[in-house]
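Student:
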Amino acid sequence: MTDKILSLRPNRSSLNRYLASYIRMAHDHDRQLGLLVMQVKRGQEFSALFGHNRTEALLENLAERLDEVCRRDDRIMRTGDFEFALILPDIMNEGHAVLAAHKVLRALTTPFEIDGNSISIGVQIGIALFPDHAAKPDTLMQHAALALNTAANTNQSYAVYTAAAPDEISDAWDIESELDAAMQNGEMEIYYQPKINLRGGLPCGAEALLRWQSPRRGLVPPSMFIPIALRTGQLKALTWSALNMALQHAASWPTRFGPLTVAVNISPSLLEDDSTLVSRVADAMAIWGTKPNRLTLEITESAVMRHPEVSFDTIRELKTRGVAVSIDDFGTGYSSLANFKSIPASELKIDKSFVMNILEDKADAGIVRTIVDLAQAFDLQVAAEGAESLEILKTLKSMGCHYAQGFYISQPLPPQEFAQFINEYTPETF
Ligand code: C2E
Ligand code: MG
Ligand code: MG
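Using this note's numbering, you'd call the opening residue of the sequence shown number 4 and step up by one each time.
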């Protein structure tokens, strides 16, 4: 290790001190300075699984990798249990700070070898610059932390602070208070996106997707309000009402293609800390007279892998009751093969980010093919979202994928229009 590393013991207050002196130097020499704060994803879970010593060994190895990619004058500090800060005391512009973030991300793509285990970790980075974003150390730290928060909320590997962030924050407050009223006033609706069976090309079900019809804001997409509802705890109530609305609607869907399944997204918090999840799902099914084989619950890969043991138990119980569980956004949540092999799911749902580019991007096509093969090897169904063209549907089918949904087949539709879609559907041969 070199003198680039200032501290390996978690220590946030000395960052403030170091930053103050580096900012002073940057100011005196008329230079720009970059601050990167980096958080290891699922650090707590890692430490629960592997224990203190291995976690510390991992973080030390991580610091060494940072050391390798940093320039001579850069400084590295551990600022929290799973958090590091990088000070880049002399950069030309924002692009340089982003480049440094890319270098760090690339350096961490190779798995770490700890006690003979090969361990992959993910990180997220927030970036703020002196003097563009702040002149004082604590404000600079705060702005880098806000950028990190943005990266985490938007599921990106890094984000640069933008001055718009304070507005977004106050907007988030507004949304939080409006959401409660929206639920009371019946402004939440469910749209249905049809899903087809690639073998015969016929509709086999639909995914229920929340929409907020706000009198003030118009139709608000879930990407605007779900991350906020997740943070405030409002997503639980939203999810329960989505489940009930979906089961109610599905009871009167056309039966032209036989019974259709309905897929409902389950929020991570429900999976984690609601021990009544299974019985509440069973109650909802009983109320709306839903046969268990008509309901699929979609749970994101990252939610399942946050506390695999707890999630696996719940998924197993749901399956015992005949409810299918699909692992949503599969491919984005870093499940290790070791964890994956005991996943008790019924289906993998490949994230649209891979599917949409399958025709142009060889790597994405490779990922989709690998997931399909993996599903088949483990006797799981596999579905793809993001099928935006006939060519994509054909490719998915040739790879052996079972089901698909996407804008080529249909956008998500309001309940009435979904029923009409089913009644008028003409299967296409491909
Ligand atoms: P998701 O569960 O992965 O849902 C799939 C998203 O992909 C939907 O976005 C859908 O409209 C979009 N999509 C499907 N096909 C295509 C395509 O061909 N091209 C493109 N560009 N997009 C496509 P949507 O409706 O905006 O929902 C976003 C996310 O919000 C969902 O992702 C889900 O995570 C969350 N969400 C929606 N409804 C609920 C809900 O009732 N409960 C919970 N917990 N989360 C929900
Ligand atoms: Mg989904
Ligand atoms: Mg998805």
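C-beta: ideal position from N, C-alpha, C; glycine also. These figures come from a predicted structure and were not determined experimentally.
Would residue 408 pass as a contact of residue 231 if the rule is Cβ separation under 9 Å?
Tutor: no
Student: Just to confirm, does residue 21 get its C-beta within under 8 Å of one of the non-hydrogen atoms of ligand 1?
Tutor: The answer is no for residue 21.
Student: Assuming contact is defined by CB atoms lying nearer than 9 Å, are residue 191 and residue 245 in contact in what I supplied?
Tutor: Yes, they are a contact pair.
Student: Using 10 angstroms around the beta-carbon of residue 290, count the other beta-carbons present and answer buried if the total reaches 16, otherwise exposed.
Tutor: exposed
Student: Measure the alpha-carbon distance for residue 241 versus residue 184 and round it to whole angstroms.
Tutor: 12 Å
Student: To the nearest angstrom, how far is it from the Cα of residue 88 to the Cα of residue 417?
Tutor: 47 Å
Student: Flag residue 157 as yes when its Cβ comes closer than 8 Å to any non-hydrogen atom of ligand 3, and as no otherwise.
Tutor: no
Student: Enumerate in chain order the residues of its own chain whose CB-to-CB distance from residue 260 is below 6 Å, with the five nearest sequence positions on each side excluded.
Tutor: 205, 206
Student: With a threshold of 8 Å (Cβ to nearest heavy atom), would residue 76 be considered close to ligand 2?
Tutor: no
Student: Note down the Cα distance separating residue 415 from residue 392, rounded to an integer number of angstroms.
Tutor: 16 Å
Student: Check the DSSP bridge columns for residue 121 and list the partner residues they point to.
Tutor: DSSP output for residue 121 lists 116 as bridge partner(s).
Student: Using C-beta distances below 6 Å, list every residue in its chain close to residue 115, excluding the 5 sequence neighbours before and after it, in chain order.
Tutor: 61, 64, 122
Student: Can you name the start and end residues of the beta strand (DSSP E) that residue 7 belongs to?
Tutor: Counting along the chain, residue 7 falls outside any beta strand (DSSP E), and DSSP gives it neither H nor E.
Student: Within the segment 362 to 425, note down every full alpha helix (DSSP H) run reaching 4 residues or more, in order along the chain.
Tutor: 365 to 380, 393 to 402
Student: Can you list, in chain order, the residues of its chain with a C-beta nearer than 7 Å to that of residue 322? Leave out the 5 residues immediately preceding and following it.
Tutor: 328, 347, 349
Student: Could you pull out every residue in the same chain whose Cβ sits closer than 7 Å to the Cβ of residue 58, ignoring the five residues on either side in sequence?
Tutor: 49, 50, listed in sequence order.
Student: Do you know how far the Cα of residue 318 is from the Cα of residue 275?
Tutor: 11 Å
Student: Just checking, does the segment 262 to 270 make contact with the segment 208 to 224 on the three C-beta pairs under 8 Å criterion?
Tutor: Yes: the two stretches touch, three or more of their Cβ pairs being nearer than 8 Å.
Student: Residue range of the alpha helix (DSSP H) that residue 192 falls in?
Tutor: Looking at the DSSP string, residue 192 is not in any alpha helix (DSSP H); the run it does join, the beta strand (DSSP E), is 191 to 200.
Student: Contact criterion: CB-CB distance below 9 Å. Does residue 383 meet it with respect to chain D?
Tutor: The structure shown has no chain D; it contains just one protein chain.
Student: On the DSSP letters alone, give me the boundaries of the alpha helix (DSSP H) that residue 239 sits inside.
Tutor: 237 to 253
Student: At a cut-off of 8 Å, would you count residue 352 as near ligand 2, judging by its Cβ distance to the nearest heavy atom?
Tutor: Relative to the non-hydrogen atoms of ligand 2, the Cβ of residue 352 comes within a distance shorter than 8 Å of at least one.
Student: With hydrogens ignored, establish whether the beta-carbon of residue 247 is closer than 8 Å to any heavy atom of ligand 2.
Tutor: No, Cβ of residue 247 sits at least 8 Å from all heavy atoms of ligand 2.
Student: I'd like to know if the segment 124 to 136 and the segment 74 to 84 are in contact, where contact means that at least 3 CB-CB pairs between them fall below 8 Å.
Tutor: no
Student: I want to check one thing, is the minimum distance from the CB of residue 303 to the heavy atoms of ligand 3 below 8 Å?
Tutor: yes
Student: Note down, in chain order, each residue of its chain lying with its Cβ closer than 8 Å to the Cβ of residue 92, except the 5 sequence neighbours on either side.
Tutor: 25, 28, 29, 34, 36, 76, 77, 78
Student: Put residue 1 into one of helix, strand or coil per three-state DSSP.
Tutor: Shown here, the chain extends from 4 to 433; a query on residue 1 therefore has no answer.
Student: Taking only three categories from DSSP, how would you classify residue 95?
Tutor: coil
Student: Compare the Cα-Cα distances from residue 506 to each of 305, 178, 363 and report the closest residue.
Tutor: The question about residue 506 has no answer here: the residues shown for the chain are numbered 4 through 433.
Student: If you draw a straight line from the C-alpha of residue 17 to the C-alpha of residue 112, how long is it?
Tutor: In this structure, the straight-line span from the alpha carbon of residue 17 to that of residue 112 is close to 29 Å.
Student: Of all the options 280, 239, 336, 310, which has the alpha carbon lying nearest to the alpha carbon of residue 324?
Tutor: For residue 324, the nearest C-alpha among the options comes from 280.
Student: Roughly how many angstroms lie between the CA atoms of residue 243 and residue 84, to the nearest whole one?
Tutor: 35 Å
Student: So, helix, strand or coil for residue 231, using DSSP?
Tutor: helix
Student: Going by DSSP, what residues sit across from residue 108 in a beta bridge?
Tutor: Beta bridge pairing from DSSP links residue 108 with no other residue.
Student: For residue 55, count the other beta carbons within 10 Å of its own beta carbon; 16 or more makes it buried, fewer makes it exposed. Which is it?
Tutor: exposed
Student: Let's test the definition: count the other Cβ atoms within 10 Å of the Cβ of residue 316 and tell me whether it reaches 16, buried, or not, exposed.
Tutor: exposed
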